[in-house]
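Q: Input: one structure, supplied below.
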Amino acid sequence: MRNALRSDSNFRWTRIRDKYGKYVIPFIITGRFTRRQRATIKKAMDKISDNTCVKFRPRRRNENDYVDIQNKINEGCYTTVGQIRGRQVLMLESGWEESCGWGCLLTYPGCTDHSTVIHELMHKVGLWHEQMRYDRDKYIKIHWENIIPGLENQFGKIGQIQSTTYNLPYDYTSVMQYKKNAGARKENLVTMETLDKRYTDVIGNSKDASPEDYKKICSIYKCNKCMGKKFKPLKNRRR
């Protein structure tokens with residue numbers, strides 16, 4: 001499949017550019033987060049800005065299209081792909097921290113660990129899940145019988161009219177790729193099996209965005225620099 005917005009998509013954030021030419025995604029944070037969690041959100045935003053020509057910037061009063069980062073109990077992690085009009089929710093249900101004695105801190109990150117935060121932010125920039133590629137059946141097998149009823153849509157494919165692969169190979173190390181047991185009825189069941197067995201335990205375990213994740217974003221926005229180097233945007237192609 002394709003899993004990135006096309007470079008001519010109307011869902012790109014192209015209405016605002018800063019003085020350096022970066023495309024701007026305005027945001028507000030209305031959820032209650034700890035200082036550590038806010039720092040994680042900022043770090044993920046900064047990594048996207050440092051490696052692409054897209055940046056997140058606090059919303060100004062006259063900006064009607066923006067991302068609202070929220071934190072609500074039992075909501076999990078979700079957002080929409082790309083820009084839609086108006087306020088757009090990006091949900092990051094936070095975890096918790098608890099002291100376990102001097103120098104000891106127990107933590108459960110919820111949706112506020114770095115890999116999850118940058119995953120959701122990249123959705124907002126314009127990436128779908130890697131396993132939703134139109135050509136994914138060449139690389140992974142979906143075990144539909146092991147998926148929790150109602151979650152099947154998370155394993156569908158995105159149509160070629162609205163998305164593209166930019167002719168990049170399937171990326172097992174993408175931060176947009178789910179784990180092998182994602183959405184499973186039982187934890188020991190596999191919902192996604194890589195046809196190349198070397199990668200079954202690799203998928204979904206990336207701690208950060210891959211170079212291919214950044215190349216897709218740089219191609220969506222036709223950046224002339226990507227990951228600090230000169231870049232020629234990849235073409236919208238079928239693979």
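For what it's worth, UniProt numbering labels the leading residue of the sequence shown as 1, then goes sequentially.
From the three backbone atoms N, C-alpha and C, an ideal C-beta is built for every residue, glycine too.
Model, not experiment: these values are computed from the prediction.
(1) On the DSSP bridge list, what partners appear for S219?
(2) Starting from the C-beta of V117, find all residues in its chain whose C-beta is less than 6 angstroms away, skip the five residues before and the five after it, and write them out in chain order.
(3) Rank P149, R61, Q160 by C-alpha distance to the C-alpha of M132 and give the top, closest one.
(4) Identify the continuous beta strand (DSSP E) that holds R57 and give its terminal residues.
(5) Given this structure, state the Cα-to-Cα distance separating Y16 from R61, to the nearest angstrom.
(6) Can you find the residues in the same chain that come closer than 8 angstroms, C-beta to C-beta, to Q177, ignoring five residues on each side of it along the sequence?
(7) Tell me the residue span of the beta strand (DSSP E) that contains residue 249.
(8) Looking at C-beta atoms only, is the number of pairs between the segment 17-28 and the segment 63-82 that lie closer than 8 angstroms three or more?
(9) Could you round the C-beta distance between E120 and C77 to whole angstroms and report it? I think they count as a contact, below 8 angstroms.
(10) Could you check the C-alpha separation between K180 and K19 for me, to the nearest Å?
A: Judging by the given coordinates:
(1) Assignment of beta-bridge partners to S219 by DSSP yields no partner.
(2) Cβ neighbours of V117 within its own chain (closer than 6 angstroms, five residues either side excluded): T40, I41, A44.
(3) Residue Q160 is the option with its Cα nearest to M132.
(4) Unbroken beta strand (DSSP E) run through R57: 54-58.
(5) It should be pointed out that residue 16 corresponds to Ile in this sequence rather than to Tyr. Cα-Cα distance, rounded: 14 angstroms.
(6) H129, E130, Q131, D171, I203, G204, S206.
(7) Since the displayed the chain opens at 1 and closes at 239, residue 249 lies outside it and no answer follows.
(8) Counting C-beta pairs closer than 8 angstroms gives three or more between the segment 17-28 and the segment 63-82, which meets the contact rule.
(9) With a Cβ gap of about 6 angstroms, E120 and C77 count as contacting.
(10) It is roughly 43 angstroms from the alpha-carbon of K180 to the alpha-carbon of K19.
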